[in-house]
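Note that the numbering used here has the sequence shown beginning at 25, numbered continuously upward.
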Amino acid sequence: MAPEAYIDTVQAPTLDECKRIVRERYGERAYILNHKTVKSGGFLGLFKQANVVAAVVIPPIRVPDPTKQPQAVTPKPVEQPLPGIGEILDQIKVLGDKIEANLGPDPRTQVPTKGEHEALVRLSDDLERNDFSPSFRREILERARREFSLEALNDYEELQQKVLAWIGERIEVYNNPGPHKRPRIIVLVGPTGVGKTTTVCKLAATLKYPEDNSEKQNVSMITIDVYRIAAARQLGELAKALESDFIAVNDGDELKKELALRSDSFDAILVDTIGRSPRDSVELANMKNVLEACGPDAEVYLTFTASAKYRDIVETMRQFEPFGYRAVIVTKLDETKQLGNVISALAERAKPLAFVTNGQPCTPRYIQEAGILHLLTNLEGFKLDRERLEAQFTYGGFRL
Ligand SMILES: Nc1nc2c(ncn2[C@@H]2O[C@H](COP(=O)(O)OP(=O)(O)OP(=O)(O)O)[C@@H](O)[C@H]2O)c(=O)[nH]1
Ligand SMILES: [Mg+2]
Numbered sequence: 025m026a027p028e029a030y031i032d033t034v035q036a037p038t039l040d041e042c043k044r045i046v047r048e049r050y051g052e053r054a055y056i057l058n059h060k061t062v063k064s065g066g067f068l069g070l071f072k073q074a075n076v077v078a079a080v081v082i083p084p085i086r087v088p089d090p091t092k093q094p095q096a097v098t099p100k101p102v103e104q105p106l107p108g109i110g111e112i113l114d115q116i117k118v119l120g121d122k123i124e125a126n127l128g129p130d131p132r133t134q135v136p137t138k139g140e141h142e143a144l145v146r147l148s149d150d151l152e153r154n155d156f157s158p159s160f161r162r163e164i165l166e167r168a169r170r171e172f173s174l175e176a177l178n179d180y181e182e183l184q185q186k187v188l189a190w191i192g193e194r195i196e197v198y199n200n201p202g203p204h205k206r207p208r209i210i211v212l213v214g215p216t217g218v219g220k221t222t223t224v225c226k227l228a229a230t231l232k233y234p235e236d237n238s239e240k241q242n243v244s245m246i247t248i249d250v251y252r253i254a255a256a257r258q259l260g261e262l263a264k265a266l267e268s269d270f271i272a273v274n275d276g277d278e279l280k281k282e283l284a285l286r287s288d289s290f291d292a293i294l295v296d297t298i299g300r301s302p303r304d305s306v307e308l309a310n311m312k313n314v315l316e317a318c319g320p321d322a323e324v325y326l327t328f329t330a331s332a333k334y335r336d337i338v339e340t341m342r343q344f345e346p347f348g349y350r351a352v353i354v355t356k357l358d359e360t361k362q363l364g365n366v367i368s369a370l371a372e373r374a375k376p377l378a379f380v381t382n383g384q385p386c387t388p389r390y391i392q393e394a395g396i397l398h399l400l401t402n403l404e405g406f407k408l409d410r411e412r413l414e415a416q417f418t419y420g421g422f423r424l
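Structure below.
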């Protein structure tokens with residue numbers, strides 16, 4: 025029988041590196057049939073590395089068979105037939121399975137592997153229904169596989185409680201370090217229309233008219249959004265309703281001047297910014313220059329809506345990174361029931377959550393300091409053992 029070509033996989037950071045390994049391992053006769061870029065490694069879904077997995081075909085070495093050497097004077101080299109197309113196709117299929125096996129379950133769908141316990145399939149569905157990202161789902165499923173025996177998996181309620189606790193452990197609530205330098209400068213940045221201006225007013229109202237016994241603070245509001253008359257007017261009117269100081273500035277110099285003028289007479293100065301598409305990097309850079317005037321002590325918060333897609337949130341977080349935001353404010357919680365997208369993005373980018381907002385009116389009622397339990401109670405399809413989770417997590421976070 026003719027020797028068969030066989031197939032192997034090679035994994036390396038780049039295709040060129042794969043080619044080098046193939047040449048080194050099998051010589052010039054081997055060739056790469058196809059390749060795929062995958063992410064592997066990492067810790068808790070972080071620091072993953074992209075790798076190329078290549079399928080390599082290694083044709084047989086054609087050794088002349090001495091028993092078939094013709095006796096004739098003009099010897100002909102013996103051609104070993106290459107494997108037929110059917111054989112190659114079969115091998116490609118085997119190879120496909122081999123690559124899949126290397127990659128583990130499909131990270132896009134995170135379908136648990138065949139023959140998986142029914143509880144894990146259900147858990148995967150519950151996580152997906154709540155918009156958790158594929159890598160977050162994978163992390164939770166892997167932990168469940170590791171920490172639950174097949175028998176323990178039969179108790180789905182117990183599994184859910186544990187999973188809620190694991191999710192809770194991955195949510196970081198912002199721990200606002202006090203006491204604050206006077207005046208505090210609070211800056212909100214974020215994409216267009218997410219509720220920055222509204223949230224600035226809610227924060228101003230919370231500081232100015234605290235619902236608890238804390239001291240009333242003297243608050244000023246500044247907008248750098250002078251290009252859109254309506255936007256400046258919006259904050260102006262809200263400031264008037266709050267009986268709060270308000271000014272619109274054109275550039276960094278003006279901002280610096282106005283901040284200096286207010287440094288003795290205000291406890292807190294809230295800066296509202298122009299909504300920017302995270303893709304508009306030139307404008308983002310301009311805005312960053314203007315905000316330099318706020319100084320290194322400014323508390324910058326990134327604002328985005330709870331209903332944004334996971335990928336968009338991650339992209340927004342990445343693009344606003346140069347602003348050095350300390351924590352995140354998630355708005356419009358009242359508009360969605362799914363929060364897995366938010367939890368996954370915060371966990372994967374290791375950013376703490378400071379506030380959530382849940383309604384249009386600019387009053388303290390519609391903004392809350394973030395709490396882990398608050399987010400966990402909002403997950404759909406998860407039955408909550410409150411007592412147990414309350415022993416571990418709190419509803420409220422820090423104090424503004
Ligand atoms: N349902 C709901 N709507 C909100 C919330 N916060 C803000 N909004 C609404 O979202 C819309 C946009 O709010 P703005 O505060 O103007 O948003 P912005 O980020 O300042 O927008 P730009 O300045 O245009 O970038 C308004 O209709 C707000 O009433 C919230 O927590 N829940
Ligand atoms: Mg605005």
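No residue lacks a Cβ here, since even glycine has one placed at the ideal position from N, Cα and C.
Here the structure is a predicted model, which is why all the values come from computation and not from measurement.
Residue i, buried or exposed, once every other Cβ within 10 Å from all chains shown has been counted against 16
i      : result
Lys240 : exposed
Gly219 : buried
Val306 : exposed
Ala143 : buried
Asp288 : exposed
Glu346 : Reading off the sequence, residue 346 comes out as Pro, not Glu. Pro346 comes out exposed.
Pro207 : buried
Thr222 : buried
Leu177 : buried
Ser329 : In the sequence as presented, Ser is not what sits at residue 329; that position holds Thr. Counting Cβ neighbours within 10 Å, Thr329 comes out buried, since at least 16 surround it.
Lys407 : exposed
Pro203 : exposed
Asp40  : exposed
Gln10  : Because the chain here runs from 25 to 424, residue 10 falls outside it and cannot be looked at.
Leu259 : buried
Ser238 : exposed
Asp150 : buried
Arg412 : exposed
Ala254 : exposed
Lys356 : buried
Lys43  : buried
Glu261 : exposed
Unbroken beta strand (DSSP E) run spanning residue i, endpoints
i      : result
Ala79  : 73–82
Leu212 : 208–213
Glu393 : 391–393
Residue i in three-state terms, based on DSSP
i      : result
Leu377 : strand
Asp321 : coil
Gly364 : helix
Ile298 : coil
Ile195 : coil
Lys205 : coil
Glu404 : coil
Glu239 : coil
Leu227 : helix
Ser157 : coil
Asn200 : coil
Ser331 : coil
Gln416 : coil
Glu175 : coil
Val187 : helix
Arg257 : helix
Val5   : Because residue 5 is not part of the residues shown, which for the chain are 25 to 424, the question remains open.
Tyr233 : coil
Arg252 : coil
Beta-ladder partner(s) of residue i, from DSSP
i      : result
Lys63  : Ala74
Ala36  : Val76
Ser244 : Asp269, Ile293
Leu326 : Val213, Val352
Tyr55  : Val81
Ile31  : Val81
Contact belief for residue i with residue j at Cβ below 8 angstroms, rounded distance in angstroms
i      : j      : result
Ile164 : Val187 : 6 angstroms
Val80  : Ile31  : 7 angstroms
Leu315 : Val211 : 6 angstroms
Gln73  : Lys63  : 7 angstroms
Ile396 : Val197 : 6 angstroms
Pro215 : Ser301 : 6 angstroms
Thr230 : Ile337 : The pair is not a contact, with the Cβ atoms about 25 angstroms apart (cut-off 8 angstroms).
Leu147 : Leu174 : Not really, about 14 angstroms apart at Cβ, beyond 8 angstroms.
Neighbour flag for residue i against chain C, beta carbons, 8 angstroms
i      : result
Thr401 : Absent here is chain C; the protein component of the structure consists of one chain.
Residue span of the alpha helix (DSSP H) that contains residue i, given as start and end
i      : result
Val145 : 142–153
Asp336 : 334–343
Val306 : 305–315
Ala284 : 276–286
Any non-hydrogen atom of ligand 4 within 7 angstroms of residue i CB
i      : result
Gly299 : Ligand 4 is absent from the structure shown, which contains only ligand 1 and ligand 2.
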